[in-house]
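In the working numbering, the protein residues as written are 367 to 621.
Using N, Cα and C, we set each Cβ at its ideal position, and we do this for glycine too.
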Amino acid sequence: MILVTNDDGVYSPGIQLLAKRLKALDDVIIVAPDRERSAAGHSMTLHRPLLIEEVKDGVYSVNGTPTDCVNIAIKGLLKETPKLVVSGINKGPNMGDDVTYSGTVAGAIEALILGVPSFSISLAARENFRFADASEVALQVARMVLEQGLSKGTILNVNVPNLPVSEFKGTAITRLGKRIYHQMTVERIDPRGKKYYWIGGGEPEWEHQPGTDFDAIDRGMVSITPLHLDLTDYAAFDSLKPVEKLAYEAVTHHE
Numbered sequence: 367m368i369l370v371t372n373d374d375g376v377y378s379p380g381i382q383l384l385a386k387r388l389k390a391l392d393d394v395i396i397v398a399p400d401r402e403r404s405a406a407g408h409s410m411t412l413h414r415p416l417l418i419e420e421v422k423d424g425v426y427s428v429n430g431t432p433t434d435c436v437n438i439a440i441k442g443l444l445k446e447t448p449k450l451v452v453s454g455i456n457k458g459p460n461m462g463d464d465v466t467y468s469g470t471v472a473g474a475i476e477a478l479i480l481g482v483p484s485f486s487i488s489l490a491a492r493e494n495f496r497f498a499d500a501s502e503v504a505l506q507v508a509r510m511v512l513e514q515g516l517s518k519g520t521i522l523n524v525n526v527p528n529l530p531v532s533e534f535k536g537t538a539i540t541r542l543g544k545r546i547y548h549q550m551t552v553e554r555i556d557p558r559g560k561k562y563y564w565i566g567g568g569e570p571e572w573e574h575q576p577g578t579d580f581d582a583i584d585r586g587m588v589s590i591t592p593l594h595l596d597l598t599d600y601a602a603f604d605s606l607k608p609v610e611k612l613a614y615e616a617v618t619h620h621e
């Protein structure tokens, strides 16, 4: 059985087409937010009860985040642990620094934490979404993961160009690129003269570096980026030795 979730909501055509295509591999269950939860990140609802509604057979909506959906599905709702979790197909790309905000990527991360292989998939478009083409990519990635597995502690973050499959220029294994944000917060004045703010007001750009997810999409290629949760900066260990020594001296002096 394959579990599917997203952050665009249970009624998004992206998740519906994804689930339909993945049925070629196994039974599919959808457990997704009851509304759009974009940019929810890896947030979990702890201070109110979560309600689950069976929208139709095998499709459940949850009044929570993608993380809630995956956690509830694996730890409570489903009678068996899924073989795979797929999160998407997202309306818009999830590349570079944006993966830290993404509810779509977070759905895959929660599955990883719970011990289930997973990947997220996003469509690099803002309109005229070619979900059917992206679902073909999802099918092939899902088949590969089910047959070959993934490295321990790793998820895949897949981004698909908004093109017909026949026009894809190939697939690239990529690293996360770097966003350049301009005027992300927009200030406005309400009718009573008070200031208010919109976050996300500017269209971000990206650094043009080969080998990144941005570069692959720009060249019409499917980008597959392996991600893991170990955020430790191992290269900084040596440079922090003096800090470690100072901390030790401070503690021993205090004693």
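- For Phe495, the secondary structure class from DSSP, reduced to helix, strand or coil, is coil.
- Less than 8 Å separates the beta-carbon of Ile396 from that of Val425.
- Within the region 393-466, the alpha helix (DSSP H) runs of at least 4 residues that lie entirely inside it are, in chain order, 432-438.
- Gly469 is positioned such that its CB atom lies closer than 8 Å to that of Thr431.
- Bounds of any beta strand (DSSP E) do not take in Leu606, whose DSSP letter is neither H nor E.
- Under DSSP, Glu553 shares a beta bridge with Tyr563.
- Shortest Cα-Cα distance from Ser488 to any of Leu516, Ala498, Val524 involves Val524.
- By the C-beta density criterion, Thr466 is exposed, having fewer than 16 other C-beta atoms within 10 angstroms.
- Here the alpha carbon of Arg492 sits roughly 37 Å from the alpha carbon of Lys445.
- As DSSP reads the structure, Arg541 sits in a beta bridge with Thr578.
- DSSP places Leu383 within a helical segment (H, G or I) once states are collapsed to three.
- Nearest to Ile546 by alpha-carbon distance, out of Thr537, Glu571, Ala405, is Glu571.
- Put simply, the region 512-523 touches the region 474-481. At least three CB pairs are less than 8 Å apart.
- For Ala490, the enclosing beta strand (DSSP E) covers residues 484-490.
- The region 599-610 and the region 551-559 do not touch, with fewer than three beta-carbon pairs separated by less than 8 Å.
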